[in-house]
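Undergrad: So that we are looking at the same thing, I have put the structure below in structure tokens.
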Amino acid sequence: MYIAMNRFEVKPENAEAFEALWLGRDSHLKEMDGFVEFHMLRGPERDGTVLYASHTVWASEDAFRAWTKSEAFRAAHKDAGSTSKLHEGAPRFEGFTTIQHIA
Numbered sequence: 001m002y003i004a005m006n007r008f009e010v011k012p013e014n015a016e017a018f019e020a021l022w023l024g025r026d027s028h029l030k031e032m033d034g035f036v037e038f039h040m041l042r043g044p045e046r047d048g049t050v051l052y053a054s055h056t057v058w059a060s061e062d063a064f065r066a067w068t069k070s071e072a073f074r075a076a077h078k079d080a081g082s083t084s085k086l087h088e089g090a091p092r093f094e095g096f097t098t099i100q101h102i103a
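Mapping of the sequence shown onto the UniProt record's numbering: residues 1 to 103, in sequence order.
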């Protein structure tokens, strides 16, 4: 398994709009081979921002890389530049290969 995460720092006054954007968008993830699940996470408020993380689980890193090169990825991210005003700076990507899974 491979986990892909993007962290976003959002000012509290933008939190409602940021959440509405994520909850209302069509991610196109279910169309992709190797997609397992997605979570949008809200974390703590600290130093004047709220931490959010998009958390996507893939069958493999190759499946994730295929997603990033797909038409579905481009469609899901077509408005990304226009929504960047809702978060501080660029999202921070983190990718993880699973070395243990307990279910």
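Heads up, the beta-carbon is just placed ideally off N, CA and C, and yes, glycines get one too.
#1: Could you give the distance in angstroms between the alpha-carbon of G95 and the alpha-carbon of E71?
#2: Rounding to the nearest angstrom, what Cα-Cα distance links residue 130 and S54 in this structure?
#3: May I ask you to report which of helix, strand or coil DSSP gives R65?
#4: Let's test the definition: count the other Cβ atoms within 10 Å of the Cβ of T49 and tell me whether it reaches 16, buried, or not, exposed.
#5: Under the rule that 16 or more other beta-carbon atoms within 10 Å means buried, what is residue 113, buried or exposed?
#6: Would F93 and N14 be called neighbours here (beta carbons separated by less than 7 Å)?
#7: Quick one: measure Cβ to Cβ for E31 and V57, integer angstroms, because I've assumed they're closer than 8 Å.
#8: Classify H87 as buried or exposed, calling it buried when 16 or more other Cβ atoms lie within 10 Å of its own Cβ.
#9: Take T97 and list the residues in its own chain whose beta-carbon comes closer than 7 Å to its own, dropping the five residues that flank it on each side.
#10: In this structure, what does DSSP give as the bridge partners for V10?
TA: If we stick to the structure as given:
#1: Residue 95 sits at position 95 when you count from the first residue of the sequence shown. Residue 71 sits at position 71 when you count from the first residue of the sequence shown. Cα-Cα distance, rounded: 21 Å.
#2: With the chain represented from 1 up to 103, any question about residue 130 goes unanswered, as that position is not in the structure.
#3: Start at 1 with the first residue of the sequence shown, and residue 65 comes out as number 65. Looking at R65 - three-state DSSP - the assignment turns out to be helix.
#4: Taking the first residue of the sequence shown as 1, we reach residue 49 at position 49. T49 is buried by the Cβ-count criterion.
#5: With the chain represented from 1 up to 103, any question about residue 113 goes unanswered, as that position is not in the structure.
#6: By one-based count along the sequence shown, residue 93 stands at place 93. By one-based count along the sequence shown, residue 14 stands at place 14. In this structure, N14 does not lie closer than 7 Å to F93 by Cβ.
#7: Taking the first residue of the sequence shown as 1, we reach residue 31 at position 31. Taking the first residue of the sequence shown as 1, we reach residue 57 at position 57. That belief does not hold up - the Cβ atoms of E31 and V57 are roughly 16 Å apart, past 8 Å.
#8: Along the sequence shown, one-based indexing puts residue 87 at 87. H87 is buried by the Cβ-count criterion.
#9: Along the sequence shown, read from residue 1 onward, the residue named residue 97 stands at position 97. Excluding positions up to five away in sequence, the list reads Y2, E61.
#10: Counted from its first residue, the sequence shown places residue 10 at position 10. V50, per the DSSP bridge assignment.
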